[in-house]
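Numbering (this note's numbering), first residue to last: 46 to 210.
C-beta atoms are modelled at their ideal positions from N, C-alpha and C, and glycine is treated no differently.
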């Protein structure tokens with residue numbers, strides 16, 4: 046059994062083969078990196094790990110054609126759409142606009158500022174179905190809930206014409 050004198054002289058560094066004790070920086074650096082990383086990911090308003098923040102319309106990806114959106118009530122899929130705004134419907138705390146591409150039109154609901162009629166937009170949204178049962182018929186409609194506005198190109202205002210005369 047070691048004596049009290051031998052125990053009191055031993056230190057943690059001597060127990061681990063004479064290594065120097067680690068400085069606070071070694072412990073604080075990984076902690077700071079973790080806090081910084083959580084802060085950066087937490088401030089991101091896009092999907093998991095920021096993967097949804099890419100501008101799909103400008104990446105060469107093909108947006109979904111409106112005619113390819115399933116027209117059944119069991120839809121809940123993510124789509125990327127691109128087209129021209131043809132109509133607007135401001136609501137109390139949100140709004141809707143009609144989006145048209147070369148294959149068809151669909152209503153898009155959003156909590157963000159509505160684009161103007163004539164604007165070209167690219168969006169990411171979730172396909173939804175609103176059931177409207179009337180009598181024995183289902184008159185529900187598929188629409189898109191906008192998750193993110195990827196790109197918006199404002200329409201050109203009409204130029205005043207000079208009268209010839």
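For this session: Please classify residue 128: is it buried, with 16 or more other beta-carbons within 10 angstroms of its beta-carbon, or exposed?
Result: As a position in the chain shown, residue 128 is number 83, starting the count at 1. Residue 128 comes out buried.
Exercise. Got a sec? Which residues, its chain only, sit under 7 Å from residue 184 by beta carbon, not counting five neighbours each side?
Worked result: Sequence index remark: in the chain shown, residue 184 carries index 139 (1-based). Answer for residue 184: 177, listed in chain order.
For this session: For the beta strand (DSSP E) holding residue 110, just list the boundary residues, first then last.
Result: To locate residue 110, count along the chain shown from 1; it is residue 65. No beta strand (DSSP E) holds residue 110; DSSP gives it neither H nor E.
Problem set entry | Within 9 Å, strictly: CB atoms of residue 150 and residue 110 | Your numbering for residue 150 matches position 105 in the chain shown. Your numbering for residue 110 matches position 65 in the chain shown. No, the pair does not count as a contact, with Cβ atoms beyond the cut-off.
Exercise. What residue does the beta strand (DSSP E) around residue 167 start on, and which one ends it?
Worked result: Your numbering for residue 167 matches position 122 in the chain shown. Here the beta strand (DSSP E) through residue 167 covers 165-175.
For this session: Within its chain, find whatever has a CB closer than 8 Å to the CB of residue 122; leave out the 5 residues flanking it on each side and keep chain order.
Result: Here residue 122 is taken as the residue at index 77 of the chain shown, counted from 1. Here the set comprises 115, 171 and 172.
Exercise. By Cβ distance below 7 Å, which residues in the same chain neighbour residue 159 in space, the five residues on each side in sequence not counted?
Worked result: Locating residue 159 in the chain shown gives position 114, where the first residue counts as 1. Setting aside the 5 residues that flank it on each side, residue 159 is surrounded in the same chain by 133, 135, 140 and 142, each with a C-beta closer than 7 Å to its C-beta; the list follows chain order.
Problem set entry | Rounded separation between residue 89 and residue 155 - CA only | The count along the chain shown starts at 1 and reaches residue 89 at position 44. The count along the chain shown starts at 1 and reaches residue 155 at position 110. Since pLDDT at residue 89 reaches only 48, below the 50 mark, its modelled position is unreliable, and the value read off the structure follows with that caveat. Near 19 Å, if we compare the C-alpha coordinates of residue 155 and residue 89.
Problem set entry | Segment limits, beta strand (DSSP E) that includes residue 146 | As a first step, residue 146 must be located in the chain shown, where it is residue number 101. Counting along the chain, the beta strand (DSSP E) containing residue 146 begins and ends at 140-146.
Problem set entry | Straight-line gap, residue 100 to residue 196 (C-alpha atoms, nearest Å) | To locate residue 100, count along the chain shown from 1; it is residue 55. To locate residue 196, count along the chain shown from 1; it is residue 151. Its pLDDT being 44, under 50, residue 100 is placed unreliably in this model, and the value from its coordinates should be taken loosely. So the alpha carbons of these two residues sit roughly 7 Å apart.
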